[in-house]
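Asks: Got a structure for you, written out below as structure tokens; questions coming shortly.
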Amino acid sequence: METVEFPAGSKPYMLRVSPDGGVVWVQTAGEHTNVVLDAESMETLHTEPVGRGPVQSAFGPGGGRYGLITHLEETFVLAVERETGEAVERIEVGGPQANASFMPDGQIAYVTVTSRNEVVAIDMTELAVVGRIAAGEEPMGLVVLDTASATAGLDPAAIGRPERG
Numbered sequence: 018m019e020t021v022e023f024p025a026g027s028k029p030y031m032l033r034v035s036p037d038g039g040v041v042w043v044q045t046a047g048e049h050t051n052v053v054l055d056a057e058s059m060e061t062l063h064t065e066p067v068g069r070g071p072v073q074s075a076f077g078p079g080g081g082r083y084g085l086i087t088h089l090e091e092t093f094v095l096a097v098e099r100e101t102g103e104a105v106e107r108i109e110v111g112g113p114q115a116n117a118s119f120m121p122d123g124q125i126a127y128v129t130v131t132s133r134n135e136v137v138a139i140d141m142t143e144l145a146v147v148g149r150i151a152a153g154e155e156p157m158g159l160v161v162l163d164t165a166s167a168t169a170g171l172d173p174a175a176i177g178r179p180e181r182g
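Numbering-wise (the numbering used here), the sequence shown opens with residue 18 and increments by one.
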């Protein structure tokens, strides 16, 4: 087990391992950065400034080009180059965000925009909002199920509907 030292006051908050297991992204609430670590050695490979209150990062499945970082104190989601950890695009969503999840093909990401009580759909090729979905008050958690879930006994179409008997 390796220990990673962060600067005093940096407040490492959340981490995410890349789908290939090669890197770990850690958001620091105090320093407003995304720290990219080598997953094996835990050596810092890159530190990138991000917005205020970075709260979560997300990778799409497979080898998509970008990851996303959400913020509790900004109105944009940050698209970040997966290979380098460098910021690429600020995607304006209109309010603070919490979580992100990707469609199985990685083309669309969904992000909860807590203050707007909605979920936005982001096209990961265009790095732009392509839709908005009304949600309950202050949506936080988000999971996208694919059709393979139905074969495991979960029917995404039936979620939220009462059982008929």
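Ideal placement from N, C-alpha and C gives every residue a C-beta, glycine not left out.
Beta-carbon within less than 6 Å of His63's beta-carbon, same chain only, minus the 5 sequence neighbours each way: which residues are those?
Replies: Closer than 6 Å at the Cβ level, and outside the excluded window around His63, lie Val53 and Gly102.
Asks: List the endpoints of the continuous beta strand (DSSP E) containing Asp140.
Replies: Asp140 -> beta strand (DSSP E) spans Glu135 to Asp140.
Asks: Counting Cβ pairs, one atom from each stretch, are 3 or more of them under 8 Å apart for the region 104-118 and the region 128-138?
Replies: Touching, yes, given that three or more Cβ pairs across the two stretches are closer than 8 Å.
Asks: Express the C-alpha separation of Pro29 and Gly80 in angstroms, rounding to a whole number.
Replies: Using only the alpha carbons, I get a separation of about 26 Å.
Asks: Report the rounded CA-to-CA distance for Ala96 versus Ile108, giving the unit in angstroms.
Replies: Straight-line Cα distance between these residues: approximately 7 Å.
Asks: Here's the rule: buried if 16 or more other CB atoms are within 10 angstroms of the residue's CB, otherwise exposed. What is Val147?
Replies: Exposed, by the Cβ-count rule.
Asks: What would DSSP say about Thr101, mapped onto helix, strand or coil?
Replies: Thr101: coil per DSSP, three-state reduction.
Asks: Between the Cα of Leu144 and those of Gly38, Ala151 and Tyr83, spot the shortest distance and give me the residue it belongs to.
Replies: Out of Gly38, Ala151 and Tyr83, Tyr83 has the C-alpha closest to the C-alpha of Leu144.
Asks: Taking the C-alpha atoms as reference points, what is the distance between Gln124 and Glu60?
Replies: Using only the alpha carbons, I get a separation of about 31 Å.
Asks: Give me, in chain order, the residues of the same chain whose beta-carbon lies closer than 7 Å to that of Gly77; leave out the 5 immediate sequence neighbours on both sides.
Replies: Once the five neighbours on either side are set aside, the close Cβ partners of Gly77 are Phe119, Gly123, Ala126 and Met141.
Asks: Looking only at DSSP bridge pairs, what is Arg149 linked to?
Replies: Note: Arg149 sits in a beta bridge opposite Val137.
Asks: When the Cα atoms are used, what is the spatial distance from Thr50 to Pro71?
Replies: So the alpha carbons of these two residues sit roughly 7 Å apart.
Asks: Is it buried or exposed for Pro156, if we count other Cβ within 10 angstroms and need 16 for buried?
Replies: With 16 or more Cβ atoms within 10 Å of its Cβ, Pro156 is classed as buried.
Asks: What three-state label does DSSP hand Thr87 in the structure shown?
Replies: DSSP places Thr87 in strand when its eight states are reduced to three.
Asks: In chain order, what residues of the same chain have a beta carbon less than 7 Å from the beta carbon of Glu135, not counting five sequence neighbours either side?
Replies: Once the five neighbours on either side are set aside, the close Cβ partners of Glu135 are Arg149, Ile150, Ala151 and Ala152.
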